[in-house]
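**Student:**
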Amino acid sequence: MPLTAAPAEALLWPPLVIANAPNGATRTKADHPALPMTAAELARNAAEIVEAGAALIHIHVRDGEGRHLLDVEAYRDATAAIRREVGDRLVVQATSEGAGRYTASEQIAVVRALRPEAVSLALREIIPDDAHEAAAAEFFAWLRRERILVQIILYSAEEVHRYQALKGRGLLGEGEDFPLFVLGRYTSGQVSTPADLVPFLAAGTPPRLWAMCAFGPKENACATVAAGLGGHVRVGFENNLFAPDGTRAEHNAAQVRRAADGARLLNRPLATADTLRGLYAGA
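Next comes the structure, spelled out in structure tokens:
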């Protein structure tokens, strides 16, 4: 029987969203000289990653001593610098991470004052226990009204189950959340592997939009596997400073470019910022 071409629809993939987490809460230039710390450095990083294929930048801002900061004006300065550099070519996502410095109520207050285009929220920080549910429900209702792109960060299969239960009870509001599965822990020497993704996906039917991030030199292997399973990816110096061969990565754009190369091997197109905005708006 002669071979025939596969149907065109069998080759179609949803565009892959590549996010870049360029700095994180704790790393400094002592970890990598190319790690962006200031608004100007974040803007230069943005220009590089958008050319490499990124659609979203996940930013942390710092105080004068380089410490993790949740501050409205610092976020506005960083966002304005990025917009001057790349316009609307990136979705700018602010983190709400407490990092041991901020309570859930302080995190919520900063996000409300900032009104970012997109925000990441660690479930374990925003709703650490039942006593925080009422405030969180009001906050999530506000996020939906503001049409802010919500990314909920989940660290284990158990947290996936808790997320699903809270979602089912209506505490997280209506709409897409774009959860991020963290394959590992923020600990020295952490190395993630593609198999670390399995428990997250086995915890229940994944939502339409989901992404993962990974630690160590197998970050790109994890990203390519996630892309092959229909997910999206976050790469960058917040989680990983290494190239796949274990040498130090050149810069954030190199990590993005490797993820983009994996997508091309899969024949999966890359999403733009407007693609992501459209996916979320259509949820």
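Heads up, the sequence shown is in the numbering used here, so the first residue is 3 and it goes up one at a time.
Using N, Cα and C, we set each Cβ at its ideal position, and we do this for glycine too.
Quick check on the burial criterion: 16 or more other C-beta atoms within 10 angstroms. Buried or exposed for T97?
**Tutor:** Looking up residue 97 in the sequence shown gives position 95. Label assigned to T97: buried.
**Student:** Which residues in the same chain have their Cβ closer than 6 Å to the Cβ of G186, if we skip the five residues on either side of it in sequence?
**Tutor:** The sequence position of residue 186 within the sequence shown is 184, counting from 1. Same-chain partners within the cutoff: Q192, S194 and F217.
**Student:** Could you pull the start and end residues of the alpha helix (DSSP H) that T226 belongs to?
**Tutor:** As a working mapping, residue 226 is identified with position 224 in the sequence shown. Where T226 is concerned, the enclosing alpha helix (DSSP H) stretches over E221 to G230.
**Student:** Given this structure, state the Cα-to-Cα distance separating A111 from E140, to the nearest angstrom.
**Tutor:** The sequence position of residue 111 within the sequence shown is 109, counting from 1. The sequence position of residue 140 within the sequence shown is 138, counting from 1. Rounded to whole angstroms, A111 to E140 spans 12 Å at the Cα level.
**Student:** Give the single residue among T189, R85 and I155 whose Cα lies nearest to the Cα of A49.
**Tutor:** Sequence index remark: in the sequence shown, residue 49 carries index 47 (1-based). Looking at the Cα atoms, R85 is the closest of the given residues.
**Student:** So R91 is in the beta strand (DSSP E); what residue range does that whole segment cover?
**Tutor:** As a first step, residue 91 must be located in the sequence shown, where it is residue number 89. Note, R91: premise wrong, no beta strand (DSSP E); not H, not E.
**Student:** Among A120, T207, L281 and R69, which one has its Cα closest to the Cα of A167?
**Tutor:** Translated into positions along the sequence shown, residue 167 becomes position 165. Comparing Cα positions, the closest option is T207.
**Student:** In this structure, does DSSP put Q192 in helix, strand or coil?
**Tutor:** Counted from its first residue, the sequence shown places residue 192 at position 190. Note: Q192 maps to coil in three-state DSSP.
**Student:** List in chain order: all unbroken beta strand (DSSP E) runs of 3+ residues lying wholly within the segment 110-182.
**Tutor:** Fully enclosed beta strand (DSSP E) runs of 3 or longer: 120-124 and 151-156.
**Student:** Starting from N22, follow the beta strand (DSSP E) in both directions and report where the run begins and ends.
**Tutor:** By one-based count along the sequence shown, residue 22 stands at place 20. I20 to N22 is the span of the beta strand (DSSP E), which, as asked, contains N22.
**Student:** Which residue wins for smallest C-alpha separation from D276, given the options V93, Q257, S190 and A115?
**Tutor:** Reading the sequence shown from its first residue, position 274 is the one you call residue 276. The candidate whose alpha carbon is nearest that of D276 is V93.
**Student:** If you drop the 5 nearest sequence neighbours on each side, which residues of the same chain put their C-beta closer than 7 Å to that of A262?
**Tutor:** Indexing the sequence shown from 1 puts residue 262 at position 260. Contacts found: I20, A54, G55 and L272.
**Student:** Could you pull the DSSP bridge partners for M39 from this structure?
**Tutor:** Along the sequence shown, one-based indexing puts residue 39 at 37. Note: M39 sits in no beta bridge, so no partner.
**Student:** May I have the straight-line CA-CA distance separating P181 from T249, to the nearest angstrom?
**Tutor:** Here residue 181 corresponds to residue number 179 of the sequence shown, with the count starting at 1. Here residue 249 corresponds to residue number 247 of the sequence shown, with the count starting at 1. Their Cα atoms are separated by approximately 30 Å.
**Student:** Output the distance between the C-alpha atoms of A205 and H163, rounded to the nearest integer angstrom.
**Tutor:** In the sequence shown, the residue the question calls residue 205 occupies position 203. In the sequence shown, the residue the question calls residue 163 occupies position 161. If I take the Cα positions, the gap works out to 7 Å.
**Student:** Kindly provide the ranges of any alpha helix (DSSP H) runs that are 4 or more residues long and lie completely inside the segment 232-269, ordered along the chain.
**Tutor:** Complete alpha helix (DSSP H) runs here, min 4: 254-267.
**Student:** Hey, how far is the Cα of A76 from the Cα of A115?
**Tutor:** Counted from its first residue, the sequence shown places residue 76 at position 74. Counted from its first residue, the sequence shown places residue 115 at position 113. Whole-angstrom Cα-Cα distance: 12 Å.
**Student:** Just tell me which of L37, H134, E67 and V200 has its CA closest to the CA of T105.
**Tutor:** Position 103 of the sequence shown, counting from 1, holds the residue named residue 105. Closest by alpha carbon: H134.
**Student:** Do R126 and E296 come within 8 Å of each other at the CB atom, strictly closer than that value?
**Tutor:** As displayed, the chain neither begins before 3 nor continues past 285, which places residue 296 out of reach and without an answer.
**Student:** Give me, in chain order, the residues of the same chain whose beta-carbon lies closer than 8 Å to that of R144; leave out the 5 immediate sequence neighbours on both sides.
**Tutor:** The sequence position of residue 144 within the sequence shown is 142, counting from 1. Checking the displayed sequence, the identity of residue 144 turns out to be Trp instead of Arg. Counting only Cβ-Cβ distances below 8 Å, and skipping sequence neighbours, we find R114.
**Student:** Using the DSSP secondary-structure output, state which residues sit across from Y61 in a beta bridge.
**Tutor:** Taking the first residue of the sequence shown as 1, we reach residue 61 at position 59. Per the sequence presented here, residue 61 reads as Ile, with Tyr not at that position. Bridge partners of I61: A96.
**Student:** Tell me the rounded alpha-carbon separation between R46 and R171.
**Tutor:** One-based indexing of the sequence shown puts residue 46 at position 44. One-based indexing of the sequence shown puts residue 171 at position 169. Taking the straight line from one Cα to the other gives about 42 Å.
**Student:** Roughly how many angstroms lie between the CA atoms of A265 and Y165, to the nearest whole one?
**Tutor:** The sequence position of residue 265 within the sequence shown is 263, counting from 1. The sequence position of residue 165 within the sequence shown is 163, counting from 1. Each residue's alpha carbon lies about 28 Å from the other.
**Student:** Since L211 sits in a beta bridge, which residues does DSSP pair it with?
**Tutor:** Residue mapping note: residue 211 aligns to position 209 of the sequence shown, counting from 1. Paired residue(s): none; L211 is not in a bridge.
**Student:** Write down the C-beta distance between A228 and L199 rounded to the nearest angstrom, noting that I regard them as a contact closer than 8 Å.
**Tutor:** By one-based count along the sequence shown, residue 228 stands at place 226. By one-based count along the sequence shown, residue 199 stands at place 197. Yes, they are in contact, since the Cβ atoms of A228 and L199 sit about 6 Å apart, within 8 Å.
**Student:** Any idea if A255 is buried or exposed, counting beta-carbon neighbours within 10 angstroms, 16 or more meaning buried?
**Tutor:** As a first step, residue 255 must be located in the sequence shown, where it is residue number 253. Per the 10 Å Cβ criterion, buried.
**Student:** Is it buried or exposed for W2, if we count other Cβ within 10 angstroms and need 16 for buried?
**Tutor:** As displayed, the chain neither begins before 3 nor continues past 285, which places residue 2 out of reach and without an answer.
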